[in-house]
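Top line first, the protein sequences correspond to chains A and B.
Take any residue in the first sequence, count from 1 to its spot, add 324: that is its number in my numbering.
Take any residue in the second sequence, count from 1 to its spot, add 1: that is its number in my numbering.
Where is the CB? At the ideal position from N, CA and C, for every residue including glycine.
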Amino acid sequence: MKASREWLEEYSEIDVNTIELGDILTMAGQKVETIDETGKDIKNVVVGKILEIEKHQDSDHLLVTKVDVGDEILQIVTGAPNIKEGDIVPIAKDGADLPNEVHIKTGLLRGVSSCGMMCSVGELGIGVHDFPNQIENGIMILQRDSEGIKVLPDIDFEKNLGKDIVEILELKEDVIDFEITPNRPDCLSIEGLGRETAVALKKTFKNPRKDIDEISKKIQDKEEIEGLTVEIQAPELCYRYIARLVKNVKIGPSPKWLTRRLKACGMRSINNIVDITNYVMLEMGQPMHAFDIESIEGKHITVRRAKNGEKITTLDEVERELNEEDLVIADKNKAVAIAGVMGGLNSEIENDTKTVVFESAVFYGGAVRKTSKKVGLRTESSSRFEKGLSPENALRAVNRAVQLVELLGAGEAIEGKIDKYPTKQKVNKIKLEPEKINQLLGTNITKQEMIKILEKLEIKVENDIVIPPYFRQDIEQRADLSEEIARFYGYDKLDTTLIKADTTIGLKTKEQKIQDKILETLQNNGLSEIYTYGFINEKELDKSNISPEVKKLAICLTNPLNDDYKYMRPSTIPSMLATIKTNINKKNKEAYLFDISRRYQNIDGKVESGEVPSEETILTIGMYGEDIDFYKLKGLMENILEQISVSHYDIEKEKSNQSYHPGRCANLVVGKDIIATLGEVHPEVLLNYEINQRVYLAELNITKVVKYSKKNKKYIEVPKFPAVERDIAIIVNEEIEVGQIEKIITKKAKKLLESLELFDIYRDSKLGENKKSIAYSLKFRDKNKTLQDEEVNNIMNSITEELEKQIGAELRK
Amino acid sequence: MKEKIEQIKNASIKEISDAKDQKNLQDIKVKYLGKKGELTTVLRGMGGLSAEERPLIGKLVNEVRDLLEEKFAEKEKLLEVEALKERLRTENIDVTEPSKKIKLGSIHPITQIINEVEEIFLGMGYQIADGPEVEKTFYNFDQLNAPADHPSRDLQDTFYITDDIILRSQTSPVQARVMEKQKPPIKIICPGTVYRSDTVDATHSPVFHQVEGLVVDKNIAMTDLKGTLEMFAKKCLGENTKIRFRPHHFPFTEPSAEADVSCFVCGGKGCKVCKGEGWIELLGCGMVHPNVLRNCGIDPEEYTGFAFGFGVERIAMAKFGIEDMRLLFENDVRFLKQF
């Protein structure tokens, strides 16, 4: 909401500069976004008349002019092509200041002295549209008699040569732009902001519209005026509807003081009647609408829900389709306005309009908000209504509008009002409990002080009962009073204290600790953490070969930012691969990355039944580079699991996960739970991403793994008896996995086997086609006695036999 | 015999003193004192001696043996010192040559800030709470005093999945979930990912991170909120940090405030980060709205509380001097490795 200082001064004395005013209001809760001080930086710029123009002798484009600035004739060199002899223009004299820290000094231009500069609209820091017939890149023409150009119709610039340009064009205007919070629709008005200003500056609120309150008491209710009647068919959406009429309307321009205020608040002048509705909206915060009575067929206004599919062309000449959720203002046959949003083109005020109906109504904010969102029209009007306006204010506003019509000589008021007011505004009553307010704020404000602040805000206090005024519907309970008191007591005066309460323990949960451990382990192993978006598109899921079963679980957004962010990812793989691709594109030789983030899976249609879907925290690892292979990745995963105390898991080959290389992928399994998958990325996926090197990928389900993390370490006695060590080398077929061999050995060796270590895998044509040799070192120990060779030999023999029997292993000699 | 012994003695003493290294010395020892050594051989040859001569010669041999043992020991020590000297001379290395350590990875700046914040609040007795990112509107809005059609729902552009399910636009729904389950005293912070439909640019991202805090107990006052945040700001941003409250409005708190901190980059003098103002808008906060407490089954006449929340990226960017937010999500290793 923009407010000019000049307008605010009508409501409160302001004895600080505008910047200070902004700071004070910000600290009182009306946050200032920007302050615009037009004209502030302009000094020593005057009205001047161009007497003669000659070509510069040493330049093709420069002109040498003689300019009359009232008390002297100046020679000015300019390059502007749009000037003519006789033009009256703004002249920045020697020593002049212009916006953007431009300073003008007498100087030489190609050897000819120039004692100033002619100014363009832009150089004066004003807009082209504020003055007629001006161009962006030329000198501002204040007056050109030959073509009848005059920027201000009432002023003869010829008679004002040498006059200060800021004064004559009334350029000086301080405008403050406030961010108004949604609980304060009353501050979407100069009146509301003026009241805040007065209280914040500790001045008296001048209340210049007191007369309106008096007038409002006197206007008579009528059922019908000039044949017009009003009916509210949807009282749940329309709390009050007032109509007042003016006749003998003379449509014309508005006076300068009014258009200036509209302009300062960012609104354009249309004609006196429309301007009055906008002016009242800015002044009092009540949006108004003006109809031509002739455009209301049957002279009967109905406030009703739209019919499904009903169409209306709004003032912006766009046809809009409505349904029964939307409220319209209608005549006998058609809608003439979308209630609270925008009027219809069919009832617009025309230049020949004679009788005008002023509508001042209050609609249910929620419905206005919905409609305005749906039709894509957020107007000054809708943005006020949607916050919930005061029906009491509506009457003041319409009377103010009629008053202005008469003041401007734009028409004659017709006696009486039609006032349909089915839902009276509720008056809140709150008990004033100073101790409780002080307890909440941590202050020691006296009751008298509290009452003083409240009364300044026009909040009445009678016998310890607080009654907020009609324009403060946001004040409903004690907490709201506390805020009002705190605001004007001063947030900056609040002490800083520490909580006085029972001790609480700050501890991380098991899952949080596990995440910390994982993070630490990965950092120590050379991996860098990344952050990815949870959004995904179908293409990325396909590129990563995510299975149809998983893809099906993706959650679709109804209003995504773009097609790339249409779904929530059901798998973290595509996000990691995209990051790997980014790094390869950036020519990074290697990247070891990890991401601890979530995947979202709509299992069992949870979302459709209004429940939140499954979210699991996944550690995703992605690596490429010379030093990486499957076994390094496997080692890394084992380290992580050791760090987080997960010990009993199996490693199983995984051939069906299409994101991974079918020959180089494994699952880590506890019971039937797959806690992790790791491996090389499927060559087909790499092809999809146009990556021509091996990439390694792992996913660890942190959510799942938590329950397998068990920290119950117990001391085991250090062995007293010696160990017996034996080596064994066997030749097996290539397909035999070492895991298989190890299972056989472990089973046969029983409890005496202390450790089993694979120390060599050897492949040679001498071993035979498709054969490999595998060598283990075994360590046996009996914790109760010294093992005898014979005992160990027996075990070794049974192992060898079993290996031969089960997998056709041949002892290598 | 006597002469023979004398001869052995003289020859061996000379050899010992001439020994070049420990290996050489060992050979000499074997040559004279070994099982088949010269002196041992003499001792064995004593059988042919008379009974009178035998003890005399025996004594002499033992004397010579003792002497030689002593000489060997002396020489050995000398050689050890020599060897050590030699080793130290040859084992000199260039300590400025590159190391062979395992290169460390890196923790993302967002995690680093969250960790820092967590540590401060854990120390003050807060728990860390967590909740779903795909959330019910009920928790994201209704329970937080922003019912359907409430204009404050427009403050944030929310991503919708259905009418009832959204991507949480704040971490506050976690607060509502905790309050529903837990009786006061409640002291939690909730760090997490949040979503708002902002187009990606240098200062906006549809995905970002927040940390929110909530305290509900008897007699919690707004001055406690200010004190807590001041403490946090000093620990997180520097001991000289000042905090300033400005009135504001949030549906879930009343009174509400926005808190500014003195610029931790320039110390309040005015710089690019604080846009010359000396203050940086850091967070939104306030006293938990009685409607919110009521919604979650807590009696606002018995308990009061405060809540606050701030964006992690903003702090990370200001603290690490990152000017473009997109860098945080691009994940170029050359960027990541700097942290």
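- Under DSSP, the beta-bridge partners assigned to S1097 of chain A are A:I1055, A:Y1086.
- Between the alpha carbons of Q339 of chain B and E117 of chain B lies a distance of about 18 Å.
- Between the alpha carbons of L61 of chain B and E71 of chain B lies a gap of roughly 15 Å.
- Rounded to the nearest whole angstrom, the C-alpha separation of L943 of chain A and Y1020 of chain A is 14 Å.
- Residue pairing by DSSP places R1050 of chain A opposite A:L1102 in a beta bridge.
- Where C286 of chain B is concerned, the enclosing beta strand (DSSP E) starts and stops at 280 to 289.
- Fewer than three beta-carbon pairs drawn from the segment 1087 to 1100 of chain A and the segment 1020 to 1030 of chain A are found closer than 8 Å, and the two stretches are therefore not classed as touching.
- Taken through DSSP and simplified to helix, strand or coil, R169 of chain B comes out as coil.
- In this structure, A:V680 is the residue among A:V680, A:Q544, A:W581 with its C-alpha nearest to the C-alpha of I597 of chain A.
- Chain A places a beta carbon closer than 8 Å to that of T163 of chain B, counting this residue as a contact.
- Boundaries for I742 of chain A: no alpha helix (DSSP H) harbours it, while the beta strand (DSSP E) harbouring it runs 742 to 744, taken from the DSSP string.
- Residues of the segment 834 to 855 of chain A whose Cβ lies closer than 7 Å to any Cβ of chain B, in chain order: Q836, L843, L846, Q847, N848, N849, G850, L851, S852, E853, I854, Y855.
- For F709 of chain A, the enclosing alpha helix (DSSP H) starts and ends at 704 to 709.
- The segment 511 to 593 of chain A is shown to contain whole beta strand (DSSP E) runs of 3 or more residues at 553 to 556, 562 to 571, in chain order.
- Listed in chain order, the positions of the segment 326 to 358 of chain A with a beta carbon within less than 8 Å of a beta carbon of chain B are T350, M351, A352, G353, K355.
- Taken atom to atom, the span from the alpha-carbon of E1014 of chain A to that of Q113 of chain B is near 33 Å.
- Around the Cβ of E1023 of chain A, a 10 Å sphere holds 16 or more other Cβ atoms; the residue is buried.
- With respect to I945 of chain A, I838 of chain A sits apart: the two C-beta atoms are not nearer than 8 Å.
- Interface annotation for the segment 189 to 203 of chain B against chain A: T194, Y196, S198, D199, T200, V201, criterion Cβ-Cβ distance under 9 Å.
- Collapsing the DSSP output to three states places K1044 of chain A in coil.
- Note on P611 of chain A: 16 or more other CB atoms within 10 angstroms of its CB, so buried under the neighbour-count rule.
- Proximity of G277 of chain B to chain A, defined by a Cβ-Cβ separation below 8 Å, is not satisfied.
- For the C-beta of Y955 of chain A, not a single chain B residue is nearer than 8 Å; the gap to the nearest is close to 16 Å.
- Here L40 of chain B really is in contact with V65 of chain B; their C-beta atoms are around 6 Å apart, less than 8 Å.
- Contact annotation for M892 of chain A against chain B: V135 [CB-CB distance below 7 Å, chain order].
- Taking 8 Å as the upper bound for CB-CB distance, M442 of chain A and P414 of chain A are in contact here, some 7 Å apart.
- In this structure, A:I897 is the residue among A:I897, A:E1058, A:R1087, A:K913 with its C-alpha nearest to the C-alpha of A1000 of chain A.
- If the five residues before and after V175 of chain B are omitted, its C-beta is found closer than 6 Å to the C-beta atoms of A130, G132, C191, all from its own chain and listed in chain order.
- For G486 of chain A, the three-state secondary structure derived from DSSP is coil.
- For the segment 746 to 770 of chain A, the beta-carbon criterion of a distance under 9 Å to any beta-carbon of chain B is satisfied by K760, N762, Q763, L764, L765, G766, T767.
- Contact annotation: the segment 962 to 976 of chain A touches the segment 833 to 849 of chain A, with at least three C-beta pairs closer than 8 Å.
- Judged by DSSP secondary structure, P423 of chain A falls outside any alpha helix (DSSP H); it is assigned neither H nor E.
- Residue-level contact by beta carbon fails for R708 of chain A and chain B, as no gap is shorter than 8 Å.
- Under the 8 Å Cβ criterion, the segment 466 to 474 of chain A does not count as touching the segment 209 to 225 of chain B, having fewer than three qualifying pairs.
- Around the C-beta of V82 of chain B, fewer than 16 other C-beta atoms lie within 10 Å, and the residue is accordingly described as exposed.
- Assignment of Q847 of chain A by DSSP, reduced to helix, strand and coil, places it in the helix class.
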